[in-house]
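Position 123, counted from 1, in the sequence shown is what my numbering calls 108; the numbers after and before it change by one each time, with no gaps.
Each residue gets a CB set at the ideal place from its N, CA and C atoms; glycine is no exception.
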Amino acid sequence: MLHATPRHAVSVLLACVLVGGCNQPTTSGPRADVVAWPEGDVARGKQAFQDLGCNSCHRVEGVADLPPPSAQPPVEVTLGGKHTQARTQAELFTAVVNPDHDLAPDHPKKDVCTTGDCSRMGDYAWTMTVAQLVDVIAFIESTHPR
């Protein structure tokens, strides 16, 4: 009969950790890598925000010289400033390229959306350039209080 001592238990645990650490990470599925964002240009981002029609539904807190939202029925969503919902570059990126991912808490379809087409926001993943995306994010981030 084998009797395990604390030393045996630690040896087995260490061996498992070492063997497990030798495994290569899988390439399938989502990853939590850090994205090395290029510097965005705030002025170009403001222009892209208008060119892409973002201001049709969105107002940017602290930026008074943008045309006001004009979507009908009204669906004004304020971005930037201290009250913004998306707080990181990754959240802003996701909000633009996959607006159904996380609907606003007061969105009427928040609890019933299962189809993937609940947001009124268009599909910008295929219509805006990466440079425009980086610049728009820089523009929105520039309104956050420091």
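- Under the 10 Å beta carbon count, Asp120 is surrounded by 16 or more other beta carbons and is classified as buried.
- Only exposed fits Ser55, as fewer than 16 other CB atoms lie within 10 angstroms of its CB.
- By the neighbour-count criterion, in which 16 or more other beta carbons inside 10 Å mark a residue as buried, Gln117 falls on the buried side.
- The three-state reading of DSSP puts Arg44 in strand, counting E and B together.
- It is roughly 15 Å from the alpha-carbon of Cys42 to the alpha-carbon of Ala49.
- Contact annotation: Pro59 and Asn40 have beta-carbon atoms that are not nearer than 8 Å.
- Collapsing the DSSP output to three states places Leu51 in coil.
- The three-state secondary structure of Thr63, taken from DSSP, is strand.
- In this structure, the straight-line span from the alpha carbon of Ala33 to that of Arg44 is close to 14 Å.
- Residue range Val27 to Asp36 is occupied by the alpha helix (DSSP H) that includes Gly30.
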